[in-house]
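Peer 1:
Residue numbers (this note's numbering): 2 to 249.
Okay, here's the thing in structure tokens:
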């Protein structure tokens, strides 16, 4: 059964989504993109997602590979995936690899302040071991595989058999694999990538995603036999200050 989570992303000081972050920052080869000082309400909600999906006591077999997909572009899926990867790594639950498989609009290299060098698109066509495409985020057990050299035809990197083999390899290299995918109603990539994982976290925006498209997204996942592990209501806001909300 899937679980629902609120991710209160549009709180003061929390960026709305990777694509909305400043693009003028010079890229670097390692390190986090965010100031991790202090915890926000968004941090707490992401930690709730991570604990209930990946490390909640009593789960016989926690998922090893999970795909994150939005209903439409702008739902904040990439932000949720990246933040969940950081939170999971901070829990010391083993090695974590975040994969930017959104070859249509890659953004995780910006979030983590990496250059978008060789990455997932290259690995899908290459015979080198997958771990050679992963780069460690500074001072943690968190790794990133950027989208890489996508080229003009992203579909060329999406051979189903090849993808399944490469994701299986990542499962052997890392304890947890979190995959950011394109929005489900824009491309078929999310379904294809979801079929290589243990399930999908569906990200919907409280400000723009309508009930019917969200319902149709779930039906498409069910038809493809892709388990829905949870749904995130992203960008939800409250008419009360955060300090008061924490006391409720």
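For glycine and all other residues, C-beta sits at the position ideal for the given N, C-alpha and C. Every value quoted in this text rests on a predicted model; they were computed, and no experiment measured them.
Whole angstroms are fine: how far does the CA of residue 121 sit from the CA of residue 192?
Peer 2: Taking the straight line from one Cα to the other gives about 17 angstroms.
Peer 1: May I have a chain-ordered list of the alpha helix (DSSP H) segments no shorter than 4 residues that lie completely inside the stretch 93-176?
Peer 2: 109-112, 121-124 and 161-174
Peer 1: Among 115, 215, 99 and 109, which has the Cα closest to the Cα of residue 131?
Peer 2: 99
Peer 1: How is residue 79 classed by DSSP in three states: helix, strand or coil?
Peer 2: Three-state result, residue 79: helix.
Peer 1: Take residue 38 and list the residues in its own chain whose beta-carbon comes closer than 8 angstroms to its own, dropping the five residues that flank it on each side.
Peer 2: Interpretation of residue 38 is limited by its pLDDT of 44, a score under 50 that renders its predicted location unreliable; the figure taken from the coordinates is listed afterwards. Same-chain partners within the cutoff: there are none.
Peer 1: Smallest Cα separation from residue 79: which of 218, 183 and 225?
Peer 2: 183
Peer 1: Does the stretch 103-115 come close enough to the stretch 61-81 that 3 or more CB-CB pairs lie under 8 angstroms?
Peer 2: Judged by Cβ distances under 8 angstroms, the stretch 61-81 makes contact with the stretch 103-115, as three or more pairs qualify.
Peer 1: Who are the Cβ neighbours of residue 172 in its own chain at under 7 angstroms, not counting the five residues just before and after it?
Peer 2: 65, 66 and 178
Peer 1: Let me make sure I understand the geometry here. Which of 96, 201 and 51 has the alpha-carbon closest to that of residue 71?
Peer 2: 201
Peer 1: Short of 7 angstroms in beta carbon distance, which residues of its chain neighbour residue 86, apart from the five on each side in sequence? Order them along the chain.
Peer 2: 97, 99, 143 and 179
Peer 1: Do residue 159 and residue 190 have their C-beta atoms within less than 8 angstroms of each other?
Peer 2: yes
Peer 1: Using DSSP with H/G/I as helix, E/B as strand and the rest coil, what is residue 57?
Peer 2: Looking at residue 57 - three-state DSSP - the assignment turns out to be coil, as it is neither helix nor strand.
Peer 1: Considering just the uninterrupted stretch of the beta strand (DSSP E) at residue 189, what are its terminal residues?
Peer 2: Element bounds for residue 189: n/a, residue is neither H nor E.
Peer 1: Assuming residue 224 is part of the beta strand (DSSP E), what are its boundary residues?
Peer 2: Looking at the DSSP string, residue 224 is not in any beta strand (DSSP E); the run it does join, the alpha helix (DSSP H), is 212-224.
Peer 1: Indicate whether residue 197 and residue 164 have their beta-carbon atoms separated by less than 8 angstroms.
Peer 2: Yes, Cβ-Cβ distance for residue 197 and residue 164 is below 8 angstroms.
Peer 1: Return the chain-ordered list of same chain residues with a C-beta closer than 6 angstroms to the C-beta of residue 63, the five sequence neighbours on each side being excluded.
Peer 2: 55
Peer 1: Can you tell me which residues form a DSSP beta bridge with residue 206?
Peer 2: Per DSSP, 235.
Peer 1: If you compare alpha carbons, which of 223, 224 and 205 is closest to residue 215?
Peer 2: 205
Peer 1: Among the candidates 94, 129, 95 and 152, whose CA atom is the shortest distance from the CA of residue 117?
Peer 2: 152
Peer 1: Who does residue 178 pair with in a DSSP beta bridge?
Peer 2: As computed with DSSP, residue 178 is found in a beta bridge with 66 and 98.
Peer 1: Apply the 10 Å Cβ neighbour rule to residue 57 and answer buried if 16 or more other Cβ atoms are within range, or exposed otherwise.
Peer 2: exposed
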